[in-house]
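Residue numbers (our numbering): 126 to 775.
1. Determine contact between the region 355–364 and the region 304–318, defined as no fewer than three beta-carbon pairs at a distance below 8 Å.
2. Considering just the uninterrupted stretch of the alpha helix (DSSP H) at residue 473, what are its terminal residues?
3. My assumption, with CB atoms under 8 Å, is that residue 464 sits in contact with residue 383. Please give the rounded CB distance.
4. Just confirm the distance between the C-beta atoms of residue 648 and residue 675, as a whole number of angstroms; I'd bet it's less than 8 Å.
5. So, with DSSP's three-state summary, where would you put residue 336?
6. Out of 321, 298 and 297, which has the shortest C-alpha to C-alpha gap to residue 304?
7. Look at residue 488 and residue 337 and say whether their C-beta atoms are less than 8 Å apart.
8. Between residue 737 and the rest of its own chain, which residues show a CB-CB distance below 7 Å, the 5 nearest in sequence each way excluded?
9. Let me check one thing: in DSSP terms, what residues is residue 288 bridge-paired to?
10. I'd like to know if the region 440–448 and the region 751–761 are in contact, where contact means that at least 3 CB-CB pairs between them fall below 8 Å.
11. From what residue to what residue does the beta strand (DSSP E) around residue 679 run?
12. Please give the ranges of any alpha helix (DSSP H) in the region 185–251, keeping only runs that are unbroken, at least 4 residues long and fully inside the region.
13. Please work out which residues of its chain come closer than 7 Å, Cβ to Cβ, to residue 527, disregarding the five sequence neighbours upstream and downstream, and give them in chain order.
14. With H, G and I counted as helix, E and B as strand and the rest as coil, what does DSSP make of residue 662?
15. Tell me which residues share the same chain as residue 519 and place their Cβ nearer than 7 Å to its Cβ, disregarding the 5 neighbours each side in the sequence.
16. Looking at C-alpha atoms only, which residue of 535, 277 and 505 is the closest neighbour of residue 523?
17. Can you tell me whether DSSP reads residue 495 as helix, strand or coil?
18. Distance, Cα to Cα, residue 405 vs residue 730?
19. Tell me the rounded alpha-carbon separation between residue 149 and residue 176.
20. At a threshold of 7 Å, does residue 249 count as lining the ligand HEM (C-beta to nearest heavy atom)?
21. If I measure Cβ to Cβ from residue 781 and keep anything under 8 Å in the same chain, skipping five residues before and after, which residues do I get?
22. How would you label residue 255, buried or exposed, when you count the other beta carbons within 10 angstroms and need 16 or more for buried?
23. Classify residue 744 as buried or exposed, calling it buried when 16 or more other Cβ atoms lie within 10 Å of its own Cβ.
24. Tell me whether residue 574 sits in a helix, a strand or coil according to DSSP, three-state version.
25. Whose C-alpha, out of 460, 364 and 253, is nearest the C-alpha of residue 699?
26. If we count Cβ pairs, one from each stretch, closer than 8 Å, do we get three or more for the region 162–174 versus the region 227–236?
27. Find out if the Cβ-Cβ distance for the pair residue 348, residue 289 is shorter than 8 Å.
28. DSSP puts residue 590 in a beta bridge; with which residues?
29. Is it the case that the region 655–663 contacts the region 626–641, given that we only count it when at least three CB pairs across the two stretches are under 8 Å?
30. Please list the terminal residues of the continuous alpha helix (DSSP H) segment that includes residue 646.
31. Could you give the residue range of the beta strand (DSSP E) that holds residue 303?
32. In whole angstroms, what is the alpha-carbon distance linking residue 445 and residue 451?
33. With respect to the beta strand (DSSP E) encompassing residue 614, which residues constitute its N-terminal and C-terminal limits?
34. Could you pull out every residue in the same chain whose Cβ sits closer than 7 Å to the Cβ of residue 557, ignoring the five residues on either side in sequence?
35. Specify, as a first and last residue, the run of the alpha helix (DSSP H) that residue 432 falls within.
36. Curious, which full-length beta strand (DSSP E) runs of at least 3 residues does the region 515–540 contain?
This is the structure we're talking about:
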């Protein structure tokens, strides 16, 4: 019965263990070009029959059983054919109890007892419901595709002394491409031109143009705004960030939320049960009712059968989650599955990394304080060592004072710094923990400096320090305020010195902060938080250095993950815009999605239970049954679609 409700991409097409939830609507599509025409013709014939039957009450029509039957049967077969086709396909896979078979049995039964208009109505309104559902799914899918499927169709590449226009799939790594004004960048690469102004809204949702300088990274999908630029490609088309993210979002619906999985399992058990209950409603009264009329009780059984179809549930719940994923994408947030929408709605504590999450991660050298060494030699040695590290602080130092010196050996000590050999001298560059490890004395006042410090020691002798500063992101304070307004605890973990960590935590209003942590220290702190079973913990980091903590948390969120392969691979949720305020937005979208899903569950169950009781008691006819099935399904679909139109911006 889930066929009509599947929102999976077409690649998910297996029927393992008769799980026809993967049956793809796009495979048969009910031949929607032709089926719309068939539906319109069916509607005209059906309503003209009702007018002749109940309004004009034409004797030539109402008294001629075969004419009346033929009239309604033509209307019926136009919309019923595809349903019987699907029922037959599933029966070949030994799946006999599904939505299509229930509809088929109920409507054939209605015709058998002379209730022609009601038999047509069930199938007709079911088909209309199908089209509404497919329209809603397509809208959700197209919303995502319009946001993310910004892949250019061609690339201008420099080959054999000429510019040639070819498919992006044919461009190799290291080739030079040209992008004109108004064109989208076709592949990831680095800028060869001096500068560029790029619109990144298709990727991040940010309307403000980004200024990119020479040698900086550019990504496929960005729009060139003001001059012809040249780029050297660094990735093949299929590995570009935008292609991978599009694939990630399209695959997201295959990772089901627990609610969705439960409803699907429930529907498989529920459907055969209601089929046999309908049979009992028809036959059991024969043993207890004096004036038992088979036709009347068969009608009640058929009503029971139509009402019982779980269409509203199996359509609207996946659609609700799919809509949530689409709404998040529109806000620059990528969920890797509907299960994470469920988890994030229950988050009680948000744990954040400092550098690159709450701060910009763009470090600048401030004070340079050498001791018993010239400033030039101090910076040259320090820079030559730090140039071998990928840490943002090391990058800031090596860019501040490039050095020609080449160390003979370099060893990075996690969470402490670097040990190197230059001209047979042992060089130590890092934090004070590094000096403590090698029992090197240093001035005590270094521990009191709030800013990040990098110390240098040569052959076990302290040679001075520099200070580095990082800038807090513009919306970090807003992000913390939003989380606290939602009664969510905030924790900051940082490998930076504790004094600086506490200073930023106090400035932003974070509940608790821990500095000076090695990677295993962050894991330990997170494990302590998770030891309380009531805590649902989200960790927000850069997705590279914090991979162990991202994996350990209930939901891992990567900041600025658009250009980071590791972030996309590791995190459950990727925030493309690099804005901490999107953490609260993601939680809000999760809560709204969950609310809509539960509203639909209660609506569908509530109405069905009431009308089932009335139907079994003979107080509800086939028209009420149609409302309980198709009507409630339509209401649930419209409710699920709401999330696609909600505003979640801060």
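No residue lacks a Cβ here, since even glycine has one placed at the ideal position from N, Cα and C.
In this text, all values refer to a predicted model and were calculated from it rather than measured experimentally.
This is what the structure holds:
1. yes
2. Neither: residue 473 is in no alpha helix (DSSP H) and is coded neither H nor E.
3. 7 Å
4. Not confirmed; about 11 Å, so no contact.
5. strand
6. 321
7. no
8. 429, 432 and 433
9. 283
10. yes
11. Per DSSP, residue 679 belongs to no beta strand (DSSP E) and is neither H nor E.
12. 190–217 and 224–237
13. 508
14. strand
15. 511
16. 505
17. strand
18. 21 Å
19. Per-residue confidence for residue 149 stands at a pLDDT of 40, beneath the threshold of 50, marking its modelled position as unreliable; the derived number appears in the next sentence. Between residue 149 and residue 176, the C-alpha separation is close to 38 Å.
20. Questions concerning the ligand HEM fall outside what the structure shown contains, since it holds no ligand whatsoever.
21. As shown, the chain starts at 126 and ends at 775. That puts residue 781 outside it, with no answer to give.
22. buried
23. exposed
24. coil
25. 460
26. no
27. no
28. 494 and 580
29. no
30. 644–655
31. 301–304
32. 10 Å
33. 614–618
34. 567, 571, 572 and 580
35. 419–433
36. 534–538
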